[in-house]
Amino acid sequence: MEQTSSKRIGFFDLWQNPEVKMTGRLIILLFLLFLMMTSTGIHYFGEQFKKEYVESNAAMMGALVKEHPELQDDLAVLLSKDISDEDKKQGIAILSEYGISATMSMKFFPEISDLFSSLLVLTTGSLLLFFMSSFSLNFFFINRIYKRIRELTGYADQILEGGSISPLKEMREGDFSKLTHSFNRMRFVIQKNIEELQKEKQFLADLMSDISHQLKTPLAALTMYNDILTEKELSKEQKLMFLDQGRQQLERMNWLIQSLLKLAKLDVGAIQFQKKNASLSRTVQGSVEILKDFAVQKGVEVKVTTDEECFMKHDTDWLTEALLNVIKNAIEHTPSSGMVSVMLEKSETLYRIQIRDEGEGIEADEIHNIFKRFYKGKKNKKSGSVGIGLSLSKAIVEGHNGMIQVESSMGEGTTFSFLFPIGG
1 MEQTSSKRIG FFDLWQNPEV KMTGRLIILL FLLFLMMTST GIHYFGEQFK
51 KEYVESNAAM MGALVKEHPE LQDDLAVLLS KDISDEDKKQ GIAILSEYGI
101 SATMSMKFFP EISDLFSSLL VLTTGSLLLF FMSSFSLNFF FINRIYKRIR
151 ELTGYADQIL EGGSISPLKE MREGDFSKLT HSFNRMRFVI QKNIEELQKE
201 KQFLADLMSD ISHQLKTPLA ALTMYNDILT EKELSKEQKL MFLDQGRQQL
251 ERMNWLIQSL LKLAKLDVGA IQFQKKNASL SRTVQGSVEI LKDFAVQKGV
301 EVKVTTDEEC FMKHDTDWLT EALLNVIKNA IEHTPSSGMV SVMLEKSETL
351 YRIQIRDEGE GIEADEIHNI FKRFYKGKKN KKSGSVGIGL SLSKAIVEGH
401 NGMIQVESSM GEGTTFSFLF PIGG
């Protein structure tokens, strides 16, 4: 994956940062202000120099005319005409004879010296002002950037320390906006992982509690049977009876542990359903066939009705497990000589598997609890049921993007409906 740090940052990418935009605009503004001040100063001193030049020529002409009035017109003409290089050289030579040259100190030219000093003060002041403004501006924005970095550092420390913290306020654009967004995403992911770990920890604690609680009864029964077999004189028939009861308790424990492990794996997503496009009709019929002998023992007829051959992507083993739990539950609650009907229907939008019994029904205030783990209805408190089969069936059906609906009438029976969207 390409690393962000390896990407070359162009001018336009950098310009997206609001700090860079504001700094650039203020620097341009300061430069324009400095340029305007410098131009105004140069223009002012140019005017002053022109004034000094005119006044100097005027003073010289006044002095000459005072001594030689007859030269007034000639001097005026000379000052207004262009001066040739030859005239300039001749004048420089004459002035040199009297010790006047360009190498003389500025103190002998007070007017020019004053102008130069003022220009130097203006230029130095402008440069100093520009430097101080730029330095202050740079310090302000660097401090602002580092303040933001310190905020992000503190925010990162809070994330590492754990606990619930509010997301950072994100700016509209720029690298800090992207960094803030990444921090907020990191906070969300870390907090979500922490919550998941806490849920898994609680789930494990609940699972251990459930297993230990559910194993107490069969373990106590096995201990009692063992004590009876070892401490009392029993007939062969009595021994066989207690051994058979012990075997039943062992089978119950084995089924309980296997069911709990399956449910635990489904809860934590440790099982990946191997979904294949297979016949749903065969899965339903196969589930009923497995329970055929059990139904005969209970004296219950199981009637299967399927529409046309239905194909759906599903894990046949796991969906069979879900069907077995509900069909077995229906057989157990149907009186002898009663009937359990299993029907597969296909509509335009979904597949429906209905399992209806002729049992005593479920009270309305219990229906929303029957899928809770280890829940027993009021009429099942003394039965051998541990209340885990329906929870397992619900988890399996939901793992196939389906849902289970329950309808029940007291004294008439209960209908469980497995609903699977076509193409889901």
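Take the sequence shown: its position 325, counted from the start at 1, is 325 in UniProt numbering, and no numbers get skipped.
Backbone N, C-alpha and C define an ideal beta-carbon position, used for all residues, glycine too.
Bear in mind the structure is a predicted one, so any value in this text is a computation, not a measurement.
* Opposing strand residues paired with residue 156 [DSSP bridges] -> As a working note, residue 156 is residue 156 in the sequence shown. The partner list for residue 156 (beta bridge, DSSP) is empty, contrary to what the question assumes.
* Asked: Do residue 157 and the ligand SAH come close, with the Cβ less than 7 Å from some heavy atom?
  -> The ligand content of the structure shown is nil, which means the ligand SAH is not present either.
* To do: Using the DSSP secondary-structure output, state which residues sit across from residue 351 in a beta bridge.
  => Numbered from its first residue, the sequence shown carries residue 351 at position 351. Paired residues: 346 and 420.
* Asked: Do three or more CB pairs link the stretch 284–294 to the stretch 245–265 at distances below 8 Å?
  -> no
* Along the chain, which unbroken stretches of the alpha helix (DSSP H) at least 4 residues long are found entirely within the stretch 62–126? -> 72–80 and 85–97
* Own chain partners of residue 226 with C-beta closer than 8 Å, once the 5 adjacent residues on each side are dropped -> As a working note, residue 226 is residue 226 in the sequence shown. Closer than 8 Å at Cβ, skipping near neighbours: 246.
* Around the C-beta of residue 381, are 16 or more other C-beta atoms found within 10 angstroms, so that it is buried, or is it exposed? -> For the purposes of this step, residue 381 is taken as residue 381 along the sequence shown, with counting starting at 1. Reliability fails at residue 381, whose pLDDT of 47 lies under 50, so the model's placement of it is uncertain and no value is given.
* **Given 8 Å, three or more beta-carbon pairs between the stretch 408–415 and the stretch 351–361** => yes
* To do: Rank 336, 390 and 419 by C-alpha distance to the C-alpha of residue 348 and give the top, closest one.
  => Numbered from its first residue, the sequence shown carries residue 348 at position 348. For residue 348, the nearest C-alpha among the options comes from 419.
* Spell out the partners DSSP gives residue 404 in its beta bridges. => In the sequence shown, residue 404 corresponds to position 404, counting from 1. Residue 404 pairs with 418.
* Which term fits residue 187, buried or exposed, when burial requires 16 or more other beta carbons within 10 angstroms of its beta carbon? -> In the sequence shown, counting from the first residue as 1, residue 187 sits at position 187. Counting C-beta atoms within 10 angstroms of its own C-beta, residue 187 has 16 or more neighbours from the protein chains shown and is therefore classed as buried.
* Taking C-alpha atoms, which residue in 326, 342, 319 and 275 lies nearest to residue 306? -> In the sequence shown, counting from the first residue as 1, residue 306 sits at position 306. When only C-alpha atoms are compared, the closest one is 342.
* Following the continuous beta strand (DSSP E) through residue 312, name the residue where it begins and the one where it ends. => Position 312 of the sequence shown, counting from 1, holds the residue named residue 312. Bounds of the beta strand (DSSP E) holding residue 312 are 311–314.
* Asked: Got a sec, what are the start and stop residues for the alpha helix (DSSP H) residue 276 sits in?
  -> Locating residue 276 in the sequence shown gives position 276, where the first residue counts as 1. Note, residue 276: premise wrong, no alpha helix (DSSP H); beta strand (DSSP E) at 276–279.
* Counting only the same chain and skipping the five closest in sequence on each side, list residues whose C-beta sits under 7 Å from that of residue 371. => On the sequence shown, residue 371 is found 371 positions in, with the first residue counted as 1. Answer for residue 371: 390, 391 and 394, listed in chain order.
* Would you call residue 383 buried or exposed, if buried means 16 or more other Cβ atoms sit within 10 Å of its Cβ? -> Residue 383 sits at position 383 when you count from the first residue of the sequence shown. Residue confidence is low: residue 383 scores 48 on pLDDT, short of 50, so the model does not pin down where it sits. Its coordinate-derived value is still stated next. Classification of residue 383: exposed, given that the 10 Å Cβ count is below 16.
* Return the CA-CA distance between residue 105 and residue 69, expressed in angstroms with no decimal places. => Translated into the one-based positions of the sequence shown, residue 105 becomes position 105. Translated into the one-based positions of the sequence shown, residue 69 becomes position 69. Roughly 33 Å separates the two Cα atoms.
* Given residue 422 as reference, the closest of 154, 313 and 58 once Cα atoms are compared -> On the sequence shown, residue 422 is found 422 positions in, with the first residue counted as 1. Among 154, 313 and 58, the Cα nearest to that of residue 422 is on 313.
* Asked: Between residue 27 and residue 140, what straight-line distance do the alpha-carbon atoms span, to the nearest angstrom?
  -> As a first step, residue 27 is located in the sequence shown; it is residue number 27 there, counting from the start. As a first step, residue 140 is located in the sequence shown; it is residue number 140 there, counting from the start. So the alpha carbons of these two residues sit roughly 13 Å apart.
* Asked: What's the gap between the Cα of residue 20 and the Cα of residue 143?
  -> Taking the sequence shown and counting its residues from 1, one reaches residue 20 at position 20. Taking the sequence shown and counting its residues from 1, one reaches residue 143 at position 143. Approximately 14 Å, taken between the alpha carbons.
* Asked: Does the separation of the CB atoms of residue 339 and residue 298 fall below 8 Å?
  -> For the purposes of this step, residue 339 is taken as residue 339 along the sequence shown, with counting starting at 1. For the purposes of this step, residue 298 is taken as residue 298 along the sequence shown, with counting starting at 1. The answer is no: Cβ separation not under 8 Å.
* Are residue 75 and residue 64 close, meaning C-beta to C-beta below 8 Å? -> By one-based count along the sequence shown, residue 75 stands at place 75. By one-based count along the sequence shown, residue 64 stands at place 64. Contact: yes.
* To do: Would you list the one or two residues that DSSP bridges to residue 339?
  => By 1-based counting over the sequence shown, the position of residue 339 is 339. Bridge partners of residue 339: 301.
* Asked: Beta carbon of residue 122, beta carbon of residue 48: below 8 Å?
  -> Here residue 122 corresponds to residue number 122 of the sequence shown, with the count starting at 1. Here residue 48 corresponds to residue number 48 of the sequence shown, with the count starting at 1. Result no, Cβ atoms of residue 122 and residue 48 do not sit closer than 8 Å.
* Asked: Nearest-angstrom Cα distance between residue 310 and residue 280?
  -> As a first step, residue 310 must be located in the sequence shown, where it is residue number 310. As a first step, residue 280 must be located in the sequence shown, where it is residue number 280. Those two C-alpha atoms are separated by around 5 Å.
* According to the neighbour-count rule (16 or more other Cβ atoms, all chains shown, within 10 Å of its Cβ), is residue 318 buried or exposed? -> In the sequence shown, residue 318 corresponds to position 318, counting from 1. With 16 or more Cβ atoms within 10 Å of its Cβ, residue 318 is classed as buried.
* Euclidean distance between Cα positions of residue 206 and residue 373 -> For this step, residue 206 is matched to residue 206 along the sequence shown. For this step, residue 373 is matched to residue 373 along the sequence shown. The straight-line gap from Cα to Cα measures roughly 11 Å.
* Over the uninterrupted alpha helix (DSSP H) stretch that includes residue 391, give me the two end residues. => Locating residue 391 in the sequence shown gives position 391, where the first residue counts as 1. Where residue 391 is concerned, the enclosing alpha helix (DSSP H) stretches over 389–399.
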